[in-house]
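Chemist:
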Amino acid sequence: MEIKSNFGSSTEVPAMETETPKPAPILNIAWTRVANLDAASKRRSRGHYRIRRWIAIFGVLATLFAILTQLFLPENSGISPLLRLAAKALFVATPALASALAFFATKKYSNGDWLITRAGAEEIQKEIYFYRTILQKKKTRRSYLLKRLAEIQRQVYRGLNGEFSFETYNGPIPPNYYPDDPSSDPGFADLTGDEYFRYRLENQLAWHNKEINEYKTERDRLIILVVAAGALGTIFAAWGGGLSLWVAFTASITAALLGWQELRNIDVIIRNYSKVVLELTVLYDNWINLEPEERTTAEFYQMVRDCEDVLWAQNTEYIRSMQETLKDNSLDEEAGLINRVIQESVEAAERTQRAMREDLLVFTEDALQEAEQKVEETFQAVLGSLAEEASSEIVQQELEAMGRAVVETAQDVRERASALTSSLAEVAEEFAHVDIGRDTSKEELNAILARYPKTNDVKG
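Next up, the structure:
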């Protein structure tokens with residue numbers, strides 16, 4: 435993420451005090467985006483460190499339970515079988531839980547998305563300070579900041595692999611404003627040189643100094659714990675006997691502490707922040723050294739550029755180093771157990787479903803063969819009984835009677851048809867002189883109809 439603007443030149447005039455204008459909507463939008471991204475970054479970062487801490491704890495507990503099981507729960511001891519079973523269940527479950535957490539972490543935190551959202555928040559904050567300082571006399575600064583907000587959010591979207599949704603932020607705007615602290619920036623008014631120096635440069639210098647001291651304290655504490663665990667392991671090994679088993683426990687503690695120190699990347703962060711403190715101290719000294727009349731607009735704008743460049747370079751270096759640390763401290767090996775279990779479960783499910791399909795197919799084939807055989811047997815039985823019944827004396831008599839009835843019916847129909855044909859021929863000959871049409875009289879039509887042959891068949 436880079437600044438894509440040219441702020442132009444400034445005149446050599448003293449930086450004047452500015453009136454506090456009405457807060458611009460674009461600044462409220464920008465600070466809200468900073469708050470959303472910063473809150474998401476902190477929430478995800480805390481979740482990542484919390485789950486990594488539990489993975490380390492479970493790793494140490496697995497070794498502890500193994501030693502306790504070996505020392506206090508042998509098979510020939512008089513301890514209750516139920517208690518022995520519970521202890522062994524804990525012994526087996528602990529590494530499984532550690533692997534499950536590692537698997538969850540690889541799926542949820544492996545991409546370091548909190549670093550992407552932090553970068554977005556820092557870059558928007560940088561643009562806000564440009565808006566309130568170097569661009570405060572520019573008429574196009576609102577459209578410039580709006581454009582940069584869109585560009586930065588699209589960069590965050592791409593960095594998050596196409597995911598862009600955050601929880602609702604209900605805190606103060608700006609997110610790091612404390613009204614009781616005179617060095618805390620209200621966040622909306624344009625800034626003079628002295629105000630920028632107090633709210634931004636001096637504030638960041640104090641914050642990085644505080645962070646360095648806290649990281650040094652954490653590093654010293656980890657070093658003491660590592661040395662103590664190593665020394666204790668050496669004593670256990672030298673003592674021998676039953677205490678030699680506890681060497682494995684101290685070794686697991688040492689490994690967990692070293693892994694945590696490496697994950698925290700403390701040494702790199704201290705060096706990174708120290709460089710920021712150095713550069714900001716140089717800028718601090720330069721501004722303090724200037725007489726009031728020497729604190730011109732040019733000096734003011736140069737301080738802004740230099741300070742924001744230092745802070746952005748530090749942020750870029752921090753993100754790069756943390757991404758490398760995440761890559762070097764992946765949890766693929768710790769998650770191997772759960773990965774293997776899931777893979778075996780999927781394969782077992784596929785085998786089970788395949789066996790079920792094959793069993794169902796065999797059952798269906800057997801049922802079809804049985805049904806086919808039954809149908810064939812039934813058909814043969816019906817066919818045999820039909821031939822037998824057809825050859826019986828009663829059926830033969832019924833068939834003979836049906837044949838006679840058909841012959842008689844056909845003769846009767848033929849006789850009726852012949853009589854009807856003769857009658858129609860007589861009618862046609864009798865009325866051949868009559869031309870039937872529209873002018874035919876009613877009497878002639880009735881006479882013709884009266885001569886048509888009648889049938890004795892029942893109608894309907």
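Heads up, the sequence shown is in this note's numbering, so the first residue is 435 and it goes up one at a time.
By construction, the Cβ of each residue, glycine as well, lies at the ideal position given by its N, Cα and C atoms.
On a predicted model such as this, the values are computed, not experimentally measured, just so you know.
How is the alpha helix (DSSP H) around Y649 delimited, first residue to last?
Modeler: First-last of the alpha helix (DSSP H) with Y649: 637–673.
Chemist: Counting along the chain, where does the alpha helix (DSSP H) carrying N610 start and finish?
Modeler: Unbroken run through N610: none, as it is neither H nor E.
Chemist: For my contact list, P529 and A490 are in at a C-beta cut-off of 8 Å; report their separation, rounded to the angstrom.
Modeler: Actually they do not touch by this definition, with Cβ atoms about 13 Å apart.
Chemist: Specify, as a first and last residue, the run of the alpha helix (DSSP H) that S587 falls within.
Modeler: Checking the sequence, you will find Gln at residue 587 rather than Ser. Where Q587 is concerned, the enclosing alpha helix (DSSP H) stretches over 575–593.
Chemist: Let me know the secondary structure DSSP gives T730 once reduced to three states.
Modeler: DSSP places T730 in strand when its eight states are reduced to three.
Chemist: Kindly indicate which residue of Q736, N699, Q803, T730 has the alpha-carbon position closest to the one of I753.
Modeler: Measuring from the Cα of I753, the nearest candidate turns out to be N699.
Chemist: Would you give the residue range spanned by the alpha helix (DSSP H) that K560 belongs to?
Modeler: Note, K560: alpha helix (DSSP H), 547–566.
Chemist: Determine contact between the stretch 737–753 and the stretch 562–578, defined as no fewer than three beta-carbon pairs at a distance below 8 Å.
Modeler: Result yes; three or more Cβ-Cβ pairs closer than 8 Å.
Chemist: Does the stretch 684–700 come close enough to the stretch 479–493 that 3 or more CB-CB pairs lie under 8 Å?
Modeler: Contact holds: three or more Cβ-Cβ distances are below 8 Å.
Chemist: Pick out whichever of L516, W680, G621 has its Cα sitting closest to the Cα of P459.
Modeler: That would be G621, whose Cα lies nearest to the Cα of P459.
Chemist: Are any of the Cβ atoms in chain C nearer than 8 Å to that of L498?
Modeler: Going by chain labels, chain C is absent from the structure shown, which holds only one protein chain.
Chemist: Output needed for S686: all residues of its chain with C-beta closer than 7 Å, excluding positions within five of it in sequence on either side, in chain order.
Modeler: Hits under 7 Å: G493, V494, T497.
Chemist: If we call anything under 8 Å between Cβ atoms a contact, is V590 one with L471?
Modeler: Closer than 8 Å, so yes.
Chemist: When you compare each of L656, A682, A862 to T668 by their alpha carbons, which one comes out closest?
Modeler: Here the closest residue by C-alpha is A682.
Chemist: So, at 8 Å on beta carbons, what are the nonlocal neighbours of A783 in its own chain, with the 5 sequence-adjacent residues on each side left out?
Modeler: Caution is warranted here: a pLDDT of 43 is assigned to A783, below 50, making its placement in the model unreliable, and no coordinate value can be reported.
Chemist: What does the Cβ neighbour count give for H482, buried or exposed, with the cut at 16 atoms within 10 Å?
Modeler: By the 10 Å Cβ count, H482 comes out buried.
Chemist: Going by alpha carbons, who is nearest to R552 out of A500, K808, N749, A851?
Modeler: The candidate whose alpha carbon is nearest that of R552 is N749.
Chemist: Does L516 pass the burial test, meaning 16 or more other C-beta atoms within 10 Å, or should it be called exposed?
Modeler: With fewer than 16 Cβ atoms within 10 Å of its Cβ, L516 is classed as exposed.
Chemist: Measuring CB to CB, does E645 end up less than 8 Å from Y578?
Modeler: In this structure, Y578 does not lie closer than 8 Å to E645 by Cβ.
Chemist: Looking only at its chain, what residues have a beta carbon closer than 7 Å to the beta carbon of W680, apart from the 5 residues adjacent to it on each side?
Modeler: So the qualifying residues of the chain are I501, F670.
Chemist: Just how far apart, CA to CA, sit P726 and I607?
Modeler: When rounded, the distance between both Cα atoms is 32 Å.
Chemist: Measuring alpha carbon to alpha carbon, tell me which residue in P609, T651, A690 is nearest E556.
Modeler: E556 has its Cα closest to that of P609, out of P609, T651, A690.
Chemist: Would you mind working out which of H867, S856, A527, D624 sits nearest P457, comparing C-alpha positions?
Modeler: Here the closest residue by C-alpha is D624.
Chemist: Looking only at C-alpha atoms, which of A584, V716, G605 sits nearest to F598?
Modeler: Minimum Cα distance to F598 is reached at A584.
Chemist: Reducing DSSP to helix, strand and coil, say where H867 ends up.
Modeler: It is coil, neither helix nor strand.
Chemist: Could you tell me the boundaries of the alpha helix (DSSP H) in which T684 lies?
Modeler: First-last of the alpha helix (DSSP H) with T684: 680–698.
Chemist: Could you check if S533 is buried or exposed, using at least 16 other CB atoms within 10 Å of its CB as the buried criterion?
Modeler: Counting Cβ neighbours within 10 Å, S533 comes out buried, since at least 16 surround it.
Chemist: What residue range does the alpha helix (DSSP H) around E725 cover?
Modeler: Where E725 is concerned, there is no enclosing alpha helix (DSSP H), given that its DSSP letter is neither H nor E.
Chemist: Answer with buried or exposed for Q807, where buried requires no fewer than 16 other C-beta atoms within 10 angstroms of its C-beta.
Modeler: Q807 is exposed by the Cβ-count criterion.
Chemist: What do you get for E742, buried or exposed, if any count of 16 or more other CB atoms within 10 angstroms of its CB means buried?
Modeler: Looking at its Cβ environment, which holds 16 or more other Cβ atoms inside 10 Å, E742 is buried.
Chemist: Let me make sure I understand the geometry here. Which of F499, A474, Y611, V841 has the alpha-carbon closest to that of D547?
Modeler: Comparing Cα-Cα distances from D547 to each of F499, A474, Y611, V841, the minimum goes to A474.
Chemist: Please state whether DSSP places Q803 in a helix, a strand or coil.
Modeler: In this structure, Q803 counts as helix in the three-state DSSP scheme.
Chemist: Look at the alpha carbon of A881 and the alpha carbon of E849, and state the distance between them as a whole number of angstroms.
Modeler: C-alpha separation (whole angstroms): 26 Å.
Chemist: Hey, would you say Y611 sits closer than 8 Å to S617, going by beta carbons?
Modeler: Against a cut-off of 8 Å, the Cβ pair of S617 and Y611 comes out as no contact.
Chemist: Does DSSP put D472 in a helix, a strand or coil?
Modeler: The answer is helix: DSSP assigns D472 an H, G or I state.
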